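**Q** Mind looking over this structure? Questions follow.
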Amino acid sequence: MPDRFQVTKADEDTVLDYQHDESASGKLLGDIHDDEVPDSGDIHRDEENQKSTIDPNLYLYDDDLATRPHISTFISSIANYENTIPAATDPDAKPAAPSARMGTLIGVFLPCIQNIFGVILFIRLTWVVGTAGAICGFLIVLTCCCVTMLTAISMSAIATNGVVPAGGSYFMISRSLGPEFGGAVGMLFYTGTTLAAAMYIVGAVEIVLTYMAPWASIFGDFTKDADAMYNNFRVYGTLLLIFMGLIVFVGVKFVNKFATVALACVILSIIAVYVGIFDNINGNEKLYMCVLGKRLLKDIPLENCTKDDSFLRDIYCPNNKCEEYYLNNNVTKVKGIKGLSSGVFYDNIFPSFLEKGQFISYGRNSVDIENVGGQSYNQIMADITTSFTLLIGIFFPSVTGIMAGSNRSGDLADAQKSIPIGTICAILTTSTVYLSSVMFFAGTVDNLLLRDKFGQSIGGKLVVANIAWPNQWVILIGSFLSTLGAGLQSLTGAPRLLQAIARDEIIPFLAPFAKSSSRGEPTRALLLTIVICQCGILLGNVDLLAPLLSMFFLMCYGFVNLACAVQTLLRTPNWRPRFKFYHWSLSLLGLTLCISVMIMTSWYFALIAMGMAIIIYKYIEYRGAEKEWGDGIRGMALTAARYSLLRLEEGPPHTKNWRPQILVLSKLNDNLLPKYRKIFSFATQLKAGKGLTICVSVIKGDHTKITNKAVDAKNTLRKYMTDEKVKGFCDVLVAQEIGEGLSSVIQTIGLGGMKPNTVIIGWPYSWRQEGRNSWKTFIQTVRTVAACHMALMVPKGINFYPESNHKVKIGGNIDIWWIVHDGGLLMLLPFLLKQHRTWRNCKLRIFTVAQIEDNSIQMKKDLKTFLYHLRIEADVEVVEMNNSDISAYTYERTLMMEQRNQMLRALGLNKKENSKVDSQNDEKRNSIDSDGPENLDAPENLSNKDESTEKADDNIKSSVKPDEFNVRRMHTAIKLNEVIVEKSQDAQLVIMNLPGPPREVRAERESNYMEFLEVLTEGLEKVLMVRGGGREVITIYS
0 MPDRFQVTKA
10 DEDTVLDYQH
20 DESASGKLLG
30 DIHDDEVPDS
40 GDIHRDEENQ
50 KSTIDPNLYL
60 YDDDLATRPH
70 ISTFISSIAN
80 YENTIPAATD
90 PDAKPAAPSA
100 RMGTLIGVFL
110 PCIQNIFGVI
120 LFIRLTWVVG
130 TAGAICGFLI
140 VLTCCCVTML
150 TAISMSAIAT
160 NGVVPAGGSY
170 FMISRSLGPE
180 FGGAVGMLFY
190 TGTTLAAAMY
200 IVGAVEIVLT
210 YMAPWASIFG
220 DFTKDADAMY
230 NNFRVYGTLL
240 LIFMGLIVFV
250 GVKFVNKFAT
260 VALACVILSI
270 IAVYVGIFDN
280 INGNEKLYMC
290 VLGKRLLKDI
300 PLENCTKDDS
310 FLRDIYCPNN
320 KCEEYYLNNN
330 VTKVKGIKGL
340 SSGVFYDNIF
350 PSFLEKGQFI
360 SYGRNSVDIE
370 NVGGQSYNQI
380 MADITTSFTL
390 LIGIFFPSVT
400 GIMAGSNRSG
410 DLADAQKSIP
420 IGTICAILTT
430 STVYLSSVMF
440 FAGTVDNLLL
450 RDKFGQSIGG
460 KLVVANIAWP
470 NQWVILIGSF
480 LSTLGAGLQS
490 LTGAPRLLQA
500 IARDEIIPFL
510 APFAKSSSRG
520 EPTRALLLTI
530 VICQCGILLG
540 NVDLLAPLLS
550 MFFLMCYGFV
560 NLACAVQTLL
570 RTPNWRPRFK
580 FYHWSLSLLG
590 LTLCISVMIM
600 TSWYFALIAM
610 GMAIIIYKYI
620 EYRGAEKEWG
630 DGIRGMALTA
640 ARYSLLRLEE
650 GPPHTKNWRP
660 QILVLSKLND
670 NLLPKYRKIF
680 SFATQLKAGK
690 GLTICVSVIK
700 GDHTKITNKA
710 VDAKNTLRKY
720 MTDEKVKGFC
730 DVLVAQEIGE
740 GLSSVIQTIG
750 LGGMKPNTVI
760 IGWPYSWRQE
770 GRNSWKTFIQ
780 TVRTVAACHM
790 ALMVPKGINF
800 YPESNHKVKI
810 GGNIDIWWIV
820 HDGGLLMLLP
830 FLLKQHRTWR
840 NCKLRIFTVA
850 QIEDNSIQMK
860 KDLKTFLYHL
870 RIEADVEVVE
880 MNNSDISAYT
890 YERTLMMEQR
900 NQMLRALGLN
910 KKENSKVDSQ
920 NDEKRNSIDS
930 DGPENLDAPE
940 NLSNKDESTE
950 KADDNIKSSV
960 KPDEFNVRRM
970 HTAIKLNEVI
980 VEKSQDAQLV
990 IMNLPGPPRE
1000 VRAERESNYM
1010 EFLEVLTEGL
1020 EKVLMVRGGG
1030 REVITIYS
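Here it is in structure tokens:
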């Protein structure tokens, strides 16, 4: 692949030495000459010497041609390039009563304990241990506990970095990562809390129907039909949800008081289990299971658990044809609870994962676990396919609830001390209980009974309840009440969380849920919560709900870790948490664990949670309210911007990386509104090529006196930019003089390497009007832009330019008149415009002017070759302009221009004389008032003055002869205009070189320059005059 190109000279006299370096590195064209400004006395002498070398048709561009190559010369050299080397506050809410100042134990530790211990502990932990084995079960619990511990460390750092109001993780994340992340995570946390309520309700119904009142089933014997069981759960779950919703709606005080009862039930139940484990250290003689070979049986009375009994024979030998497995194996009674002293722990060490439909049996022998015949008889089968990762998802809800303490930060006496200590101690306590329970269950209960999810082998009894002391009803009642309490807490907390998000006004469609009822309750949010909760209940299965809500909590915890890591790595001055035992590596480890567990557990549920977060994030980004919370993401953006700016070299970029970084100089009218709205549309159309856009206006005056005007003007400017979809920045400068202000803006705008390189300024249409000095400001701006080596674009007829949001794509041609090569900007601009949908259907046509000595055919061929290398499609036409005598019209037009200048000069002198006469008349008038009337001849003097002025004008008209240099420039303007109008009158846009301003700062020369530009563009509706910044902006290199 080429990494370098060389220029081979086709003609030794025409190829410029600097051409190769400019195209490759973007060096200044004519760098030496542009910086040398000759004295005014030498200008005419230099022009006289150049007359013989410049074509009369292009005399208007004489200053440019002295330092920049004519297009024919440039094309001739470029065509010979050779590839040589590969290379919120709610008014409806009642004021809250002053809260009690709680300590660590009551305010953080016990609420966390209550929220962490849940229904999974009682109805699924034994099954998890039996299915995964002691080792994998221990790792499952340890992984979940590590996630919550690392999250608690990060949460403690955030919670102690200032005051955390109610809202828990939502408030912490939104204020640390910004409204987009905060809103997304807040909705995830809300959804997770709502689904947790559904899981608690289904779990409570399961405890009642399966273990306490199986006779209440309304869909038949659910022990023989799983669908009947789940339908029962759906019906009773819906009824229980309605009942609990009414309790939350009517009496929140009851919910808070019931929380104490539920907490007591949880603690007493756990104590009963531990006591029961040691009470049954030698086993329990009252609990036996019936086993056929190695398969576990259900619904078999112990007195019938023998092959000699006709009960089993009738089941396995219908029509006197016995099932093969029944014939080949014996039936035995096995003690369910063997006790710690039995050594059963060694039988429960290794996992026993099964696929759905396989039999629960000892070992992994396919004969024992595979259902070959298709009949299950009374053998217990796996109802779901199990794996290590699935069990993590099912168990993980048991370790959630660590935010309970941070949610109460407003009620704590010392939140920054209580939250870390209380939360971490609660996690250590619950983790110890869970991990020890895994070991105790594995060492106490037989493997088959552990894997019997619903206790069907022991008559539909809860395994944990039969371990507990003194009897199973302690666990059944305690687990039911604690699960009910947890569900009430979720139904109470979720609507308030939704209301808090709605009141932040970051998600517009949640606005209706910000309202409170007359009693200050979030009734609307409660109704939505009940609807979502009902959707969860319709799943009807704890094993489906648990992994789903695990995704939402894991996403929430992951963002807590991310928030802590971001704040720590950014080292923001405000990041000063009192909790010191944190590190960014621990936060990143916690984040990694959360993501890993999500994907391992259930990739499709993970995609649902991530998809929901992304949708909410993008919605808030595009439709949400702007919030400035000093969050870490904006700090990260600032750090990244600083890093990028420091890496950008302060200087010209490589030619391949050049793109227009636009500075729009917008003129304001008397009402401080932009005068030309479509100049913003034009900037948007150019911005299809990306890059930087800055819009600036200058107001004349004293900044200390018109500060409010400047602010209003800036707001208006920003509104116009928003309406025209200009993505960039805007500002307003107040200066004593408009010209000086514009010069200051052009020189100082930008930061480091991110400086505008292209200026767009409107054409001064009123420059011919008497008393208007807009042309002086315009020319001064052109000179400043050139001195700063920036490109300049002057759109003329801007009101005829198309809108950016124009629904109909315009057709036709974009004509480029390439007279002088000044970096290739004329080639690049139409290409950028065509990237926008407005100009996409236009065709490019490139015109260039051939001199007498040029070979037009070869010139056209070279230009086509150049465009081919540039990968730009365009029609090419070379216009031959023969030397012709200067017409009488040219002389007349030049004479009119110069006479106008003379008249303006005379009027300027007369104004000075008039001011002197007026002052003398004032003095005489004052003397009349004081001394009496006198015979004055002021009217006669004035009439004499007018006569002398008319005579002077006549003398001027008779004596003025057109200046030869002005005639030559006028000749160029007229001839070029005739050709351009003939070829491009119907073009959608005409792009041409803007001739350089006169070097000499004289009013006559500057006025003449404006007249030349007017003549050059006469008869053209939409013209874009372009002057390059002296750098190569387009290249044929790859």
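So the sequence shown is residues 0 to 1037, counted in numbering that gives the first Met the number 0.
From the three backbone atoms N, C-alpha and C, an ideal C-beta is built for every residue, glycine too.
Since the model is a prediction, treat every value here as computed from it, not as a measurement.
1) Apply the 10 Å Cβ neighbour rule to THR1040 and answer buried if 16 or more other Cβ atoms are within range, or exposed otherwise.
2) Can you have a look at MET895 and say buried or exposed, based on whether 16 or more other CB atoms are within 10 angstroms of its CB?
3) Can you grab the Cα-Cα spacing for the pair ASN1059 / PHE508, in whole Å?
4) What is the DSSP secondary structure of PRO673, counted as helix, strand or coil?
5) Evaluate GLY181 with the Cβ neighbour count: other Cβ atoms within 10 Å of its Cβ, from every protein chain shown; 16 or more gives buried, anything less gives exposed.
6) For TYR287, which beta-bridge partners are listed by DSSP?
7) What are the boundary residues of the beta strand (DSSP E) that includes PRO794?
8) Please identify the residue among THR783, LYS859, ASN540 and PHE777 whose C-alpha is closest to the C-alpha of SER742.
9) So ASP962 is in the alpha helix (DSSP H); what residue range does that whole segment cover?
10) Leaving out the 5 sequence neighbours to the left and right, which residues in its chain are closer than 8 Å to GLY1018 when beta-carbon positions are compared?
11) Enumerate in chain order the residues of its own chain whose CB-to-CB distance from GLY292 is below 6 Å, with the five nearest sequence positions on each side excluded.
12) For GLU205 and TYR642, I'd like the C-alpha separation in whole angstroms.
13) From the DSSP output, in three-state form, read off ALA734 for me.
14) Secondary structure at ASN279, three-state DSSP: helix, strand or coil?
15) Which two residues bound the contiguous alpha helix (DSSP H) that contains LYS416?
16) Tell whether a beta-carbon distance below 7 Å holds between THR1016 and LEU57.
17) Answer with buried or exposed for GLU897, where buried requires no fewer than 16 other C-beta atoms within 10 angstroms of its C-beta.
18) To which residues of the same chain is VAL140 closer than 7 Å at the C-beta, ignoring the five residues directly before and after it?
19) Taking the alpha carbon of LEU194 as the point to measure from, which residue in TRP766, THR399, CYS729 and ASP220 has its own alpha carbon closest?
20) Rounded to a whole number of angstroms, what is the C-alpha to C-alpha distance between ALA1122 and TYR581?
21) Per DSSP, which one or two residues make a beta bridge with PHE846?
22) Assign ASP30 to one of three DSSP states: helix, strand, or coil.
23) Which residue wins for smallest C-alpha separation from TYR229, given the options ASP542, GLU504, MET880 and GLY117?
24) For THR66 and chain D, any beta-carbon pair shorter than 7 Å?
25) List in chain order: all unbroken beta strand (DSSP E) runs of 3+ residues lying wholly within the region 369 to 399.
26) Under 7 Å between the Cβ atoms of CYS1039 and GLY796?
27) Give a yes or no on whether the C-beta atoms belonging to VAL247 and LEU490 are separated by under 7 Å.
28) Three-state secondary structure (DSSP) at ARG363?
29) If you count every other CB in all the chains shown that lies within 10 Å of the CB of ARG839, and 16 or more means buried, which is it?
30) What does the alpha-carbon distance come out to for the pair ASN560 and ILE152?
31) Which whole-angstrom value is the C-beta distance of LEU988 and ILE818, which I expect to be below 8 Å?
32) Since LYS713 is in the alpha helix (DSSP H), which residue starts that stretch and which ends it?
33) Rounded to a whole number of angstroms, what is the C-alpha to C-alpha distance between MET1024 and PHE512?
34) What alpha helix (DSSP H) runs, 4 residues minimum, are completely inside the region 116 to 194?
35) Less than 7 Å between the beta carbons of GLN482 and TYR199, yes or no?
36) Going along the chain, which residues of its own chain have a beta-carbon closer than 6 Å to the beta-carbon of GLY539, five neighbours each way excluded?
**A** In brief:
1) Examination of residue 1040 is not possible in this model, given that the chain is present from 0 through 1037 alone.
2) The sequence position of residue 895 within the sequence shown is 896, counting from 1. Answer is exposed; the Cβ neighbour count stays below 16.
3) A query on residue 1059 cannot be resolved here, the shown segment of the chain reaching from 0 to 1037 and no further.
4) On the sequence shown, residue 673 is found 674 positions in, with the first residue counted as 1. If DSSP states are grouped into helix, strand and coil, PRO673 belongs with the strands.
5) Your numbering for residue 181 matches position 182 in the sequence shown. Classification of GLY181: buried, given that the 10 Å Cβ count is 16 or more.
6) To locate residue 287, count along the sequence shown from 1; it is residue 288. Note: TYR287 sits in a beta bridge opposite LYS334.
7) Here residue 794 refers to the residue found at position 795 when the sequence shown is read from its first residue. Per DSSP, PRO794 belongs to the beta strand (DSSP E) from 790 to 795.
8) Position 743 of the sequence shown, counted from the first residue, corresponds to residue 742. Ranking the options by Cα distance to SER742, first place goes to THR783.
9) Within the sequence shown, numbered from 1, the residue matching residue 962 stands at position 963. Premise fails: ASP962 is in no alpha helix (DSSP H) and is neither H nor E.
10) The residue given as residue 1018 occupies position 1019 in the sequence shown. Closer than 8 Å at Cβ, skipping near neighbours: ASN976, VAL980 and GLN984.
11) For this step, residue 292 is matched to residue 293 along the sequence shown. ASN328.
12) Taking the first residue of the sequence shown as position 1, residue 205 is located at position 206. Taking the first residue of the sequence shown as position 1, residue 642 is located at position 643. Those two C-alpha atoms are separated by around 57 Å.
13) Residue mapping note: residue 734 aligns to position 735 of the sequence shown, counting from 1. Strand, per DSSP.
14) Within the sequence shown, residue 279 is the residue found at index 280, counting from 1. The answer is coil: DSSP assigns ASN279 none of H, G, I, E or B.
15) Indexing the sequence shown from 1 puts residue 416 at position 417. Note, LYS416: alpha helix (DSSP H), 414 to 443.
16) Translated into the one-based positions of the sequence shown, residue 1016 becomes position 1017. Translated into the one-based positions of the sequence shown, residue 57 becomes position 58. The answer is no: Cβ separation not under 7 Å.
17) Translated into the one-based positions of the sequence shown, residue 897 becomes position 898. Answer is buried; the Cβ neighbour count reaches 16.
18) Against the sequence shown, residue 140 aligns to sequence position 141. Cβ-Cβ distances below 7 Å link VAL140 to PHE394, TYR433, LEU434 and VAL437 in the same chain, with the five nearest sequence neighbours on each side left out; the list follows chain order.
19) As a first step, residue 194 is located in the sequence shown; it is residue number 195 there, counting from the start. When each option's Cα is compared against that of LEU194, the closest is THR399.
20) Since the first and last residues shown for the chain are 0 and 1037, residue 1122 lies out of range.
21) One-based indexing of the sequence shown puts residue 846 at position 847. For PHE846, which the question treats as bridged, DSSP gives the partners TRP816 and GLU876.
22) Here residue 30 refers to the residue found at position 31 when the sequence shown is read from its first residue. Note that ASP30 has pLDDT 44, beneath the 50 cutoff, so the model's placement of it is unreliable and the number below is only indicative. Assigned with DSSP and collapsed to three states, ASP30 falls in helix.
23) For the purposes of this step, residue 229 is taken as residue 230 along the sequence shown, with counting starting at 1. Ranking the options by Cα distance to TYR229, first place goes to ASP542.
24) Looking for chain D here will not work: only one protein chain is present.
25) none
26) Shown here, the chain extends from 0 to 1037; a query on residue 1039 therefore has no answer.
27) Counting from one through the sequence shown, the residue named residue 247 turns up at place 248. Counting from one through the sequence shown, the residue named residue 490 turns up at place 491. Going by C-beta atoms, VAL247 is nearer than 7 Å to LEU490.
28) Within the sequence shown, the letter at position 364 stands for residue 363. Collapsing the DSSP output to three states places ARG363 in coil.
29) As a position in the sequence shown, residue 839 is number 840, starting the count at 1. Burial call: exposed.
30) Taking the first residue of the sequence shown as position 1, residue 560 is located at position 561. Taking the first residue of the sequence shown as position 1, residue 152 is located at position 153. C-alpha separation (whole angstroms): 9 Å.
31) For the purposes of this step, residue 988 is taken as residue 989 along the sequence shown, with counting starting at 1. For the purposes of this step, residue 818 is taken as residue 819 along the sequence shown, with counting starting at 1. ILE818 and LEU988 do not touch by the CB rule: their CB atoms are close to 17 Å apart, not below 8 Å.
32) Working through the sequence shown from its first residue, we reach residue 713 at position 714. Note, LYS713: alpha helix (DSSP H), 706 to 722.
33) Residue numbering aside, residue 1024 sits at position 1025 when the sequence shown is read from its first letter. Residue numbering aside, residue 512 sits at position 513 when the sequence shown is read from its first letter. Approximately 56 Å between the Cα atoms of the pair.
34) List check, alpha helix (DSSP H) in window: 118 to 122, 124 to 158 and 168 to 176.
35) Translated into positions along the sequence shown, residue 482 becomes position 483. Translated into positions along the sequence shown, residue 199 becomes position 200. In the sequence on display, residue 482 carries Thr and not Gln. Cβ distance < 7 Å, so THR482 and TYR199 count as in contact.
36) As a position in the sequence shown, residue 539 is number 540, starting the count at 1. Closer than 6 Å at Cβ, skipping near neighbours: TYR229, PHE232 and ARG233.
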